[in-house]
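Participant: Let me begin by handing over the structure; questions about it come next.
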Amino acid sequence: MNQEKMSLKQDSTSWSTKEKTEAEYELYYTMIKEHHPQLFEIKGDSIETFPVDKEKSVFSS
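According to the numbering used here, the residues represented by the sequence shown are 1064 to 1124, in order.
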């Protein structure tokens, strides 16, 4: 697992800003959904997407 993380980190330096932003979004989305599934429910119905402001990404210039 650690070797996989190191490889990903090294590869990420060659990623475009768009690729970094998309990876960041996917990572946070997955982590939030896994640890706080109740945030993905409205009146008991499961939702799959929610709005995000990609302009505030840490990778945006």
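The C-beta atom is built at its ideal place from N, Cα and C for all residues, glycine as well.
Suppose the cutoff is 7 Å on Cβ atoms and the five residues either side in sequence are ignored; what does the same chain contact list for residue 1103 look like?
Facilitator: Locating residue 1103 in the sequence shown gives position 40, counting from the first residue. Only 1096, 1109, 1110 meet the Cβ criterion.
Participant: Can you grab the Cα-Cα spacing for the pair residue 1091 / residue 1106, in whole Å?
Facilitator: Along the sequence shown, one-based indexing puts residue 1091 at 28. Along the sequence shown, one-based indexing puts residue 1106 at 43. Taking the straight line joining both Cα atoms gives about 23 Å.
Participant: Helix, strand or coil for residue 1110? Go by DSSP, reduced to three states.
Facilitator: Indexing the sequence shown from 1 puts residue 1110 at position 47. In this structure, residue 1110 counts as coil in the three-state DSSP scheme.
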